[in-house]
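Residue numbering for the sequence shown follows numbering that gives the first Met the number 0, beginning at 0 and increasing consecutively.
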Amino acid sequence: MAALSQSGASSKGAVIATSDADSLGNGVWSLPLPDQASRFGLEYRPSLGDLSPSAIFVEKIPIAFARRQGVMGFAWPVERDAPAAGGQAAVGASERILVALADLRNWRILDTVGRFLGRATKPLLAPVEVIKASINAAYEQQTGRTETVLATIEGDSLLDELRSLPPRDDLLDVQDRAPVVRLVNSVLFDAVTGLASDVHVQPYEDRVMIRVRIDGVLHDVHTVPKHLQDEIISRVKVVGGMNIAERRLPQDGRASVQVGDRLIDLRIASLPTRDGERVVIRLLDKSARLYTLEELGLGEQSVKQLRRLIHLEHGMLLVTGPTGSGKSTTLYAMLREINYKDRNVLTLEDPIEYQLDGISQTQVNIKKGLTFAAGLRSVLRQDPDVIMVGEIRDKETAVMAVQSALTGHLVYSTLHTNDAASAVARLLDLGIEPYLAASSLVAVLAQRLVRRNCDNCLEFYVPSDYELRQPRVTQSRESFRKGRGCVTCRQTGYRGRFGISELLVVNDVIRQQIQDRANASQILAAARTAGMKRLYEDGIDKAAKGLTTLSEVERIAAADLAPE
C-alpha cells in the first residue's frame with residue numbers, strides 16, 4: 000500500500016513516501032475520498048470547523064494560489080505532539096501545519112507549501128467544497144477592519160501604485176497591496192459583508208466621509224483624512240475603468256470584485272463638487288439567490304392574483320415604485336414562475352442583474368445605440384411569448400411596449416410612480432392614447448421596501464398613542480414587536496428588508512375610466528371598491544404580525560395617509 004507521510008523538522012517540507020503513488024492509475028482516484036484516505040493511511044475529515052486556520056499560511060500564501068491548488072493550512076493541534084524518544088516532541092506545534100487537500104494527485108504541493116513556509120506539513124483529505132469554505136472564512140478574518148488599514152496609511156502620494164488592477168479584484172487578497180488599495184478593498188469588503196447596497200465617498204472641506212446605505216438608510220462609518228481624498232477617488236476610478244485625470248466632469252464606471260465565492264458587480268458614479276469629487280458605488284451581489292413571490296412579502300391574496308396574471312397570454316403588467324424599491328427583484332420573481340419549456344422568454348435589461356437559465360437576456364447599451372426601444376424592435380423579431388423590459392423611460396419605449404402587449408405578447412416592465420393608480424397617468428403623460436392604455440394594461444403592482452425587525456433582538460413593545468391614532472391602525476397595543484438593537488443589526492433593531500405592496504387589477508370599470516382619462520384619484524377609488532388594499536394598510540398588517548414597526552411603515556408609506 001502506498002503511504003503519504005510528513006517530513007521531519009530538518010527538511011521543513013512535505014516528503015511523500017510513494018513507491019507507486021503516481022502509478023496507481025485511475026482506479027484509486029475514482030474511489031470516494033474516505034477510501035482514498037484509508038488506502039494511503041491518511042486522516043479524512045468531512046468538516047474542518049474544529050481546526051484553526053494557520054496564521055502563517057494565511058499571511059504568506061496568496062488566496063488565489065490556495066484556491067487554485069485546493070489547499071488550506073491549519074494550525075497543528077498541541078495535543079497531537081506525541082513525545083519522541085527521551086520525552087521530547089520531535090517537532091513543535093509552531094513548526095508544523097496540517098494541510099487539507101481535496102485531490103491527492105496534487106500531493107507535490109505539500110512540499111512546495113512546506114518549503115515556502117519553513118514548516119513541516121502533514122496532509123489530510125477533505126471535500127473540495129469544505130476546503131473552499133475554509134479558505135474563504137480564513138482570508139475574510141485576515142482582511143481586517145477598515146480602521147486598522149487607515150491607521151497604517153502615510154500621507155505620501157500613492158497614485159503611482161494605483162495603476163495595476165487584475166481583471167477581477169479579489170477583496171480577500173491583501174498580500175502585497177498598496178495601503179490605499181487595501182483601504183478601498185477593506186471599505187468594499189465591510190460594505191458587502193454588512194449587506195450594504197451603496198457606498199458613498201463624500202468629501203468635505205476638512206475631511207472625507209465614508210457612508211454606507213444599509214436597508215435603505217445611510218450610515219456614517221469612517222472619517223478619512225482630507226489628504227487621502229485624491230488617492231481614494233483615483234483608486235475607485237481605476238477600479239471602474241474611469242479617467243482619473245478628468246475631475247471636472249461626471250463619469251460612470253463598472254467593475255466586478257470577488258468576496259469568497261460571491262461575485263459583486265459595482266456601478267460607480269463620480270460627481271465634481273465644491274470640495275472635490277465624490278463617488279457613489281452601487282453594490283449588486285450576482286451570487287444572491289432569487290426570491291419567490293411568497294418571499295417578496297406579498298400577501299396570500301396578492302400572490303394568487305399575481306400568479307394568475309403572470310400566466311396570461313398577452314397584456315402589460317407593470318411594477319412601480321421609486322428607485323431602490325425592489326422592482327427588479329419582483330420582475331425576476333415573476334420570471335421564475337414561467338414554464339420556459341413551452342414559452343419563449345426574452346429580456347432587455349440595464350444592467351443584467353441575475354442570470355436566468357432558459358431565458359435570453361440582452362444588456363442595453365445606450366452608447367452603441369441599443370436602447371430599450373431599439374432592443375424591443377429586435378426582440379419582437381425573435382418570436383417571443385414573454386418580454387421583460389427593464390424600465391419604460393420614454394415615449395418610444397412606452398409605445399413599443401404597448402404595441403407588443405396588443406399583438407399577442409405578455410410584457411413585464413417598470414415605471415417610476417409612487418402608487419399603482421398613478422401608473423395610468425404616467426402612461427398617458429408619455430403619449431400613450433387612452434384607448435391603447437386601457438386595452439393593453441392588465442395590472443399594476445406598486446411596492447416599497449420596509450426594514451425587517453431583527454430576529455436576534457426581537458421583543459414585544461407598546462406603540463405610542465400617536466402611532467395607534469394613525470388611520471387604519473385597529474390592532475391592540477399588545478400585538479406589536481420591534482428589535483431593541485444588538486450587534487447583529489448594528490443597534491438599529493432592523494436587519495434586512497421586505498416588500499409592502501398594492502396590486503391594482505384592471506377591471507371593466509377601471510378600463511372605462513382609463514379611456515375617459517379619469518385622474519389617479521378616481522382610478523384609486525374604483526380599485527378600492529374592487530377590494531385593493533393600499534400600501535400603508537399592507538404595512539400595518541405586516542407590523543401587526545411582528546415583521547416591522549409602525550414607525551417604519553409610516554416612514555416609508557406616509558404618502559398613503561393623504562385623503563383619498
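C-beta atoms are modelled at their ideal positions from N, C-alpha and C, and glycine is treated no differently.
Beta carbon of residue i: closer than 7 Å to some heavy atom of the ligand ATP?
i, result
"residue 52", "Ligands are entirely absent from the displayed structure, and the ligand ATP is therefore not among its contents."
Per DSSP, what kind of secondary structure is residue i in: helix, strand or coil?
i, result
"residue 336", "coil"
"residue 482", "strand"
"residue 313", "coil"
"residue 218", "strand"
"residue 251", "strand"
"residue 201", "strand"
"residue 432", "coil"
"residue 512", "helix"
"residue 529", "coil"
"residue 466", "helix"
"residue 347", "strand"
"residue 32", "helix"
"residue 362", "strand"
"residue 111", "helix"
"residue 291", "coil"
"residue 276", "strand"
Beta-carbon separation of residue i and residue j under 8 Å?
i, j, result
"residue 284", "residue 263", "yes"
"residue 231", "residue 238", "no"
"residue 348", "residue 362", "yes"
"residue 358", "residue 339", "yes"
"residue 404", "residue 314", "yes"
"residue 44", "residue 125", "yes"
"residue 289", "residue 413", "no"
"residue 554", "residue 497", "no"
"residue 495", "residue 483", "no"
"residue 458", "residue 489", "no"
"residue 98", "residue 69", "no"
"residue 385", "residue 409", "yes"
"residue 514", "residue 460", "no"
"residue 212", "residue 324", "no"
"residue 95", "residue 118", "yes"
"residue 46", "residue 129", "yes"
"residue 274", "residue 131", "no"
"residue 57", "residue 138", "yes"
Using the Cα positions of residue i and residue j, report the straight-line distance between them to the nearest angstrom.
i, j, result
"residue 111", "residue 242", "41 Å"
"residue 31", "residue 122", "17 Å"
"residue 308", "residue 217", "36 Å"
"residue 228", "residue 240", "18 Å"
"residue 373", "residue 392", "13 Å"
"residue 380", "residue 312", "18 Å"
"residue 59", "residue 235", "26 Å"
"residue 346", "residue 382", "13 Å"
"residue 468", "residue 292", "32 Å"
"residue 269", "residue 201", "10 Å"
"residue 522", "residue 420", "6 Å"
"residue 411", "residue 127", "41 Å"
"residue 507", "residue 297", "25 Å"
"residue 416", "residue 425", "7 Å"
"residue 370", "residue 376", "10 Å"
"residue 179", "residue 187", "12 Å"
"residue 37", "residue 27", "11 Å"
"residue 516", "residue 509", "10 Å"
"residue 101", "residue 418", "54 Å"
"residue 295", "residue 453", "17 Å"
Which word fits residue i, buried or exposed, when buried means at least 16 other C-beta atoms lie within 10 angstroms of its C-beta?
i, result
"residue 462", "buried"
"residue 529", "exposed"
"residue 394", "exposed"
"residue 455", "exposed"
"residue 244", "exposed"
"residue 252", "buried"
"residue 133", "buried"
"residue 407", "exposed"
"residue 48", "exposed"
"residue 75", "buried"
"residue 538", "buried"
"residue 250", "buried"
"residue 430", "exposed"
"residue 303", "exposed"
"residue 336", "exposed"
"residue 90", "For residue 90, the pLDDT reaches just 48, beneath the cut-off of 50, and the residue's location in the model is therefore unreliable, although a value from the coordinates is still provided. Counting Cβ neighbours within 10 Å, residue 90 comes out buried, since at least 16 surround it."
Taking the alpha carbon of residue i as the reference point, which residue from the options has its own alpha carbon closest?
i, options, result
"residue 556", "499, 519, 350", "499"
"residue 422", "389, 503, 225", "503"
"residue 215", "209, 196, 402, 543", "196"
"residue 254", "277, 426, 281, 274", "281"
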